[in-house]
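In this note's numbering, the protein residues as written are 386 to 419.
Encoded as structure tokens, the structure appears first; notes follow it.
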């Protein structure tokens, strides 16, 4: 599971990319709401 360094690295990068996208969307949404 978490012991896999290579896989974990790839997954982490992917998660960060998706997370950034989601975070940005949320930020924009919050900005428009306020």
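All C-beta atoms in this analysis are idealised placements derived from N, C-alpha and C, irrespective of residue type, glycine included.
Helix, strand or coil, according to DSSP, for residue i in the structure here?
| i | result |
| --- | --- |
| residue 419 | coil |
| residue 386 | Reliability of the predicted coordinates at residue 386 is poor, the pLDDT of 49 falling under 50, and the value obtained from them is presented with this limitation in mind. Residue 386 falls in the coil class under three-state DSSP. |
Just the C-alpha distance for residue i and residue j, rounded to the nearest angstrom, thanks.
| i | j | result |
| --- | --- | --- |
| residue 396 | residue 415 | 28 Å |
| residue 400 | residue 411 | 16 Å |
| residue 394 | residue 413 | 28 Å |
| residue 418 | residue 409 | 14 Å |
Return no unless some Cβ of chain B is closer than 7 Å to the Cβ of residue i.
| i | result |
| --- | --- |
| residue 400 | No chain B is present in this structure, which holds just one protein chain. |
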